[in-house]
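Protein sequences appear in the order of chains Z and X. Its first residue numbered 13, the first sequence is counted upward by one per residue in my numbering. Its first residue numbered 4, the second sequence is counted upward by one per residue in my numbering. Just so you know, even glycine gets a beta-carbon here, dropped at the ideal spot from N, CA and C. Comments concern the structure below.
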Amino acid sequence: MLEEKLLIWKFNRGSNEVLTTIYERYKHDLVTLATALLSDVSAAEDVVHDVFVSFIKSCGKFRLTGSLRGYLATCVANSARNKNRAIQKHRNLNAEKIDADLPELPDPETCAISTEEERRLLCALQQLPYEQREALILHIYSRMKFKTIAEHQDVSINTALGRYRYALDKLRLVLNGEVKK
Amino acid sequence: MKPSVNVYKLIRKLQLKASADLDRRVHNDISSALAESEKTELAHSKPNIWRIIMKSPFTKLAVTAAIFIAFGIGVSVGRWSKPTSPPHLLNVTGYTSAVLVHPTTPKAEDSFWRQKALAAMQPRPYTQIQTTKTSLLNAYKQYLKEKHYD
């Protein structure tokens, strides 16, 4: 926590090394989070890039209230939600081309998805509704509290809990079905 | 197999790597943003005094107090000081007296126009010298004209 405060202090003073350090420290987590939310690696990388560009622009006036990881994760979640809305809107406009426009996970050789297990999990997550997927990923992966998730989704805590539970059940069902096959 | 444990662990273990393209883009942005901020810093290197004052609550309070004190001093000085009569007005008074005692002036002591002229010749503290002289002459001319017609 103290180290993060020091990093932010240096960041506000315009240190190049600190920006690079922050990026190097959190880039994998943020890309993973965005990919899990969007199920599209290139869109996820765009989201992370946008978040870092905004973060760089806040240099000199940035104030950290919680943890830096939590802040960046929230930024990525917000940005991913906007991106998802844009994708949905685009799909609705081109309803005929739905099959062609579905985001596909690239080959493991060309992208960062290393194992088959990860690929299976991302495919299973893709089948969940966005809100449920968001609640699940933010709670399990980003370790956010349900209160924070509820505030982020602008719903009650019980709704956030319900979404999490439904997502977990559905994910178990999907993964077990695949295992049975 | 325990699926619940697996799902939780699977998500926790999930770790994707950022591509080299993303790294390159972000590093370029960092470099350009820093170059831009350095330019801006050079352009705004002169400190803004008003901004410095308004940033700190203590200096803000001090400046407000100083303004109030200065205003109070200004009001008190203005209230208790008396306006000094300019020296040229004294000269005018002397001049008018001389006119009145001139031997060619008519002797009608209590006529209306004489009183009027005397009233006009009274020294006014806030009028300019030119105005006073003009009004004095006009009054005197009017007085002479009146006497001539009488």
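Between Z:Val60 and Z:Leu42, the C-beta gap is smaller than 7 angstroms, which places the two residues in contact. Among the residues facing chain X, Z:His151 is not included, as its CB has no counterpart in that chain under 7 angstroms away. At a cut-off of 7 angstroms between beta-carbon atoms, X:Ile55 makes no contact with chain Z. By the CB criterion at 7 angstroms, Z:Gln144 and Z:Ala179 fall inside the cutoff. Apart from sequence neighbours up to five positions away, the residues of its chain that approach Z:Tyr142 with a beta-carbon distance below 7 angstroms are Asn96, ordered along the chain. Around the beta-carbon of Z:Ser51, 16 or more other beta-carbon atoms lie within 10 Å, marking it buried. A direct Cα-to-Cα measurement between X:Ser79 and X:Trp53 gives close to 28 angstroms.
For X:Gln18, there is no enclosing alpha helix (DSSP H), as DSSP marks it with neither H nor E. Residue contact check for Z:Ile68 against chain X: a CB pair falls below 7 angstroms. Between X:Leu25 and Z:Glu29, the C-beta gap is not smaller than 7 angstroms, which leaves the two residues out of contact.
The Cβ of Z:Asn104 sits no closer than 7 angstroms to any Cβ of chain X. When the beta-carbon positions are compared, Z:Val186 and Z:Ala136 come within less than 7 angstroms of each other.
With its beta carbon less than 7 angstroms from one in chain Z, X:Leu19 belongs to the interface.
Counting only residues of its own chain and dropping the five nearest sequence neighbours on each side, Z:Leu140 has a CB closer than 8 angstroms to the CB of Leu148, Ala179, Lys182 and Leu183.
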